[in-house]
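Right, one structure below, let's go through it.
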Amino acid sequence: MPYISDESILEVQRSIDIYEVVASYIPLKRAGTNYKAHCPFHQEKTPSFIVSPAKQIYKCFGCQKSGSVFSFVMEIEKVDFPEAIKMLAERAGVKLTFVGGGEEKKSIDKNELYRANEWVANYFRRLLLTSKEAEGARNYLGKRGVKGEIAAVFKLGYSSTKWDDLFVNAKAAEHRVEVLLALGLIQKRKDGNGYYDYFRGRLMFPIFDIKSRIIGFGARTLRDDEEPKYLNSPDTPVFSKGSNFYGLNLAREFSEETNSISIVEGYFDVILPYQYGVKGLVATLGTALTQNHIRLLKRYANRITLIYDSDEAGKKASGRSLDMLLWEDIDIFIAKLPEGLDPCDCVIKCGKEEFEKYIQKPIEIFDFLLESVVENIDINTTTGKTKAIEEILMRIATIPNNIKREVLLQQLASRFKIDGQALHSRISALHKMDYPRQNNSDSTNRKQFTIAEARGIELIEIMLFDNSLIPEVRKQIGLGRMPTETSRKIAGKIFEVFDKYGVVKNEELLSLMRDKESIEIVSGLINNGSKDDKFRSRLNGLIKNISEEYRKGVSIELQIRLKDATARGNRVEVDRILREKEAIWKD
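Sequential numbering from 141 applies to the sequence shown in our numbering.
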């Protein structure tokens, strides 16, 4: 699939002024060379949102959000990076170019895809309501307790058992074959003669995006002998099951009032509670919770409650999802339902008021962590207690919020009657092991960094504020020895821009950053400026330290190989490894 070229992104960035864009959303007042406003991303009494036309960045000193004009549009419009580029390109009158397929073709035009999905959903809906063939689907919904008006809200439908029913009718309605193929609604026959429907004889669940556009479909079999039980649309230009939720369009209004969203497992876990008046529930689409899911939810809520089934599979799913959520600075809770009940059964049996109590009074993180660990470990033994503490610590270590982490450490120390200092020492050791996304926060100047993260950011700083040292960094360190994955991504883009233009402008580099971590680091450096101008001496020190770390790592690897070669009596390999060890410590 084509993506927007860097050249186009830079052209849009150069054609747009961040002041004009932000001022079109919120009133700005001059404050020296900058502009000030009440932050549009959180409630505050005193204006702390600053826009710098000179640096082409914004920063809120209250909620710590910062970035370029692109990230501002992403935040305020709740759109992804490519969509923000397109919106600003249209505003600036810039014609975008695409890489990996040229300009967007009519065959994958998103508006046409949305229109086709809408027609298909209406067709499936009509079949459910009027087709004799759909009687089994209607009976199934009746048994599940789904009322007709609620089925209408969710646009539930039915797909015919005929091999090409949708294809024939969609084509008659003048929907192009290319569009139906792009949406995964039909597939080409193996012999190349004709097409067949992807969904056949199933109860259909249209999947809506946040703007209530139909982006895909879920489907449940009505036969006991058919697998899979649930089937989703394949990934398309408008749909990815690993990045979307069922019911998010309806949950958004609730989240705007409460700043909270609850995650359940299945379609009916959203539909039936909604029928009983329980709002704010979303379901993943047959996949485990992903970082893309969490990033999407963070646009609409700061409080996430997991409501998974109370069986063993549900507990495991809760644990996996909790791990993902802990890496984000977000309030997490776990609603524990009565044994043997999933959300849709629980709301039917217990009623709305009782069901909402489980959501409103959920289990705290620590209690869930402890409960999940002690189920499998005997904490009455020294070994078991140590293992339990270690497992909980490994999860606490990933939490980016220092205060939240400290509260959990205090709870852990109190529960196991252990010295808090010992836990802090172990956490420090775990941090140095570079756990993924540890200590990540919303501001580079407020967070604490591991040694590797700090070195990576300092290298980026040196290259940003002294472009003449970029070739030296590439020669002496390169991408392979950059301390972290994020610094490697940023450095790669710096090298690429420097090769093309011979100079790297800070605001232009920021506009090319697509992920949150990179945006935070680059915008933080631009906003704070350089701590000093001793770039050459600082770079020399970094090269020395990083080279030593690299040599130590290689040396350990060689030592392991040497031990193995010695045990096998392979004298030739032993001599070669010894020569390699000697060579890595030579200047």
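We put the CB at the ideal spot given by N, CA and C, even for glycine.
Rounded to the nearest whole angstrom, the C-alpha separation of Lys369 and Asp449 is 18 Å. The three-state secondary structure of Asn372, taken from DSSP, is strand. Per DSSP, reduced to three states, the secondary structure at Cys486 is helical. Following the DSSP letters along the chain, one finds Ile326 in no alpha helix (DSSP H) but inside the beta strand (DSSP E) bounded by residues 326-328. Just measuring C-alpha positions, the residue of Asn680, Val613, Ser400 sitting nearest Gln500 is Ser400. Annotation for Tyr690: Arg621 place their beta carbon closer than 6 Å to its own, counting only its chain and skipping 5 residues before and after.
Within 10 angstroms of the beta-carbon of Glu647 lie 16 or more other beta-carbons, which makes it buried. For Arg360, the enclosing beta strand (DSSP E) starts and ends at 354-361.
Spatial neighbours of Glu598 in its own chain (CB-CB distance under 8 Å, excluding positions within 5 residues in sequence) are listed in chain order as Arg678, Leu682.
If you look at Val319, you'll find it in the alpha helix (DSSP H) that goes 317-322.
Proximity of the segment 410-417 to the segment 433-441 falls short of the contact definition, fewer than three beta-carbon pairs being nearer than 8 Å. In the pairwise beta carbon analysis, the segment 656-675 is classified as touching the segment 598-612: at least three pairs are separated by under 8 Å. Our two residues, Asp349 and Arg392, have alpha carbons roughly 10 Å apart in a direct line. Look at Ala194 here: in three-state DSSP terms it is coil, with no helix or strand label. Taking the C-beta atoms as reference points, Phe379 is found no nearer than 8 Å to Val422.
By the C-beta density criterion, Ala291 is buried, having at least 16 other C-beta atoms within 10 angstroms. Taken through DSSP and simplified to helix, strand or coil, Asn442 comes out as coil. The criterion of a C-beta distance shorter than 8 Å is not satisfied by Ile558 and Phe508.
Across the structure, Lys330 and Glu318 are spaced so that their CA atoms are roughly 17 Å apart.
In this structure the segment 297-304 touches the segment 336-349; the number of beta carbon pairs closer than 8 Å is three or more. In the three-state DSSP reduction, Val712 falls in the helix class (H, G or I). Gly297 carries a strand assignment under DSSP once its states are collapsed to helix, strand and coil. Rounded to the nearest whole angstrom, the C-alpha separation of Ile354 and Lys176 is 39 Å. Residue range 250-270 is occupied by the alpha helix (DSSP H) that includes Arg265. For a cut-off of 8 Å, the C-beta gap from Gly202 to Cys179 is around 6 Å, short enough to register as a contact. Taking 8 Å as the cut-off, the beta carbon of Val162 is found no closer than this to the beta carbon of Val234. By the neighbour-count criterion, in which a residue is buried when 16 or more other Cβ atoms sit within 10 angstroms of its Cβ, Leu465 is buried.
The three-state reading of DSSP puts Lys199 in strand, counting E and B together. Listed in chain order, the non-local C-beta contacts of Gln616 below 6 Å within the same chain comprise Ile683, local neighbours out to five positions each way being set aside.
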